[in-house]
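With the numbering used here as the guide, the letters of the sequence shown map in order to residues 105 to 351.
Every residue, glycine too, gets a C-beta built ideally from N, C-alpha and C.
It should be emphasised that the depicted structure is a prediction, and the values quoted were computed from it without experimental measurement.
Let me begin by presenting the structure, written as structure tokens, before commenting on it.
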Amino acid sequence: MLLQDRVAIVTGAARGIGEATARRMGQEGACVAVVDIDLDVAQGVATFIRESGGQADAFRCDVAKPADGEQLVKDVIAKYGRLDVLVNNAAICPRIPMEEMTEEWFDRLININVKSVFFLSRAAAEAMKPQQWGRIVNLSSTGGRIGGVFNATVYGGTKAAILAMTKSFARHYAPWNILVNAVAPGAVNTRLMQMPEDKLKVQIEAGPLKRLADAGEIAAVITFLASQEASWMTGSTVDVNGGTLML
Ligand SMILES: NC(=O)c1ccc[n+]([C@@H]2O[C@H](COP(=O)([O-])OP(=O)(O)OC[C@H]3O[C@@H](n4cnc5c(N)ncnc54)[C@H](O)[C@@H]3O)[C@@H](O)[C@H]2O)c1
Numbered sequence: 105m106l107l108q109d110r111v112a113i114v115t116g117a118a119r120g121i122g123e124a125t126a127r128r129m130g131q132e133g134a135c136v137a138v139v140d141i142d143l144d145v146a147q148g149v150a151t152f153i154r155e156s157g158g159q160a161d162a163f164r165c166d167v168a169k170p171a172d173g174e175q176l177v178k179d180v181i182a183k184y185g186r187l188d189v190l191v192n193n194a195a196i197c198p199r200i201p202m203e204e205m206t207e208e209w210f211d212r213l214i215n216i217n218v219k220s221v222f223f224l225s226r227a228a229a230e231a232m233k234p235q236q237w238g239r240i241v242n243l244s245s246t247g248g249r250i251g252g253v254f255n256a257t258v259y260g261g262t263k264a265a266i267l268a269m270t271k272s273f274a275r276h277y278a279p280w281n282i283l284v285n286a287v288a289p290g291a292v293n294t295r296l297m298q299m300p301e302d303k304l305k306v307q308i309e310a311g312p313l314k315r316l317a318d319a320g321e322i323a324a325v326i327t328f329l330a331s332q333e334a335s336w337m338t339g340s341t342v343d344v345n346g347g348t349l350m351l
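This is the structure we're talking about:
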């Protein structure tokens, strides 16, 4: 039980990597706040965790709105009495060709993928300070390492921004034993990876393991980083990509 009695917020937990992380954290003994803009689906995930013997509740939050994130932290602490772990997982990846990118979509990508990470991390870390223990795990991407592929230019930029912010937060909150790390997955079999068959094939062939990851394979690494076991890691980026990118 890696997360026994810990309280964890997982954003974007209604599906994909966030859902797998919420479920895994529930199995590891955490009390999980299953957070998503899509409350109905998040409620289904929370119900599944409870029916499997874990503790979980669903919360609606639009992570792009700092006020929503600050209220979320308050609501979770009001409900469970503390906050130990934040997983900044919610993001969007619209596949928009360079020539067709609009200012509106650009701003939306920045707000959901980047602004959320700053404001939610700060609100969570401030709540964690008094207990001198905290973990923040940010979802980046191989796109943040090498630039987004298949019409994901701005997305790649947002995922690179997360890597830099992870390091700044790690330095700033280290005195309170709040450790901040990033995970950079390769191609994972989720809604976000939906693309034409031929494009998907290129992604699969690019890696030595010749397959997409299952969301649970990313959740395992996130859960480790959220635990006491990762006590000597902060400001790190863990590449979880099946060998597609070997740095
Ligand atoms: N799937 C991949 O191949 C892949 C690869 C690298 C990185 N990632 C990263 O992993 C994370 C999860 O991706 P996924 O593949 O599970 O995506 P997904 O689309 O399956 O799930 C994302 C979840 O985020 C929620 N969400 C979107 N906007 C939101 C908002 N404003 N507020 C709250 N919730 C919101 C969605 O409702 C959804 O439930 C993302 O940060 C993504 O960039 C994914």
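- For THR270, the Cβ stays outside the 7 Å cut-off from all heavy atoms of ligand 1.
- Listed as beta-bridge partners of ASP144 by DSSP are no residues whatsoever.
- The straight-line gap separating the alpha-carbon atoms of ALA229 and VAL149 is approximately 25 Å.
- Approximately 6 Å separates the beta-carbon atoms of ILE326 and VAL287; this is inside 8 Å, confirming the contact.
- Remark: C-beta atoms of GLY120 and ARG295 approach each other more closely than 8 Å.
- In the three-state reduction of the DSSP assignment, PRO198 falls in the coil class.
- Distances from the alpha-carbon of ASP166 to those of ALA118, CYS135, ILE216 and GLY130 put ILE216 closest.
- DSSP places ASP302 in the helix class (H, G or I) of the three-state scheme.
- By the Cβ neighbour-count rule, ALA171 is exposed, with fewer than 16 other Cβ atoms within 10 Å of its own.
- Exclusion of GLY251 from the 7 Å shell around ligand 1 follows from its C-beta lying no nearer than that to any non-hydrogen atom of the ligand.
- Counting of Cβ neighbours within 10 angstroms places ASP161 among the buried residues, the total reaching 16 or more.
- Beta-carbon to beta-carbon, LEU176 and ILE250 are separated by about 32 Å, too far to satisfy the 8 Å threshold.
- Ligand 1 never approaches PRO170 closely enough for any of its heavy atoms to be under 7 Å from the residue's Cβ.
- Per DSSP, the unbroken alpha helix (DSSP H) holding VAL177 starts and ends at 170-184.
- ARG119 sits in coil when the DSSP states are folded into three classes, being neither helix nor strand.
- By the C-beta density criterion, ASP109 is exposed, having fewer than 16 other C-beta atoms within 10 angstroms.
- Nearest C-alpha to VAL189 among GLU204, ALA231 and ILE153: ALA231.
- Residues THR270, LYS271, ALA274, ARG275, VAL284 and ASN285 of the same chain have their beta carbon placed closer than 8 Å to that of GLY339, with the five preceding and five following residues left out of the count.
- For ASP211, the three-state secondary structure derived from DSSP is helix.
- Taking 7 Å as the cut-off, one finds at least one heavy atom of ligand 1 near enough to the beta carbon of PRO289.
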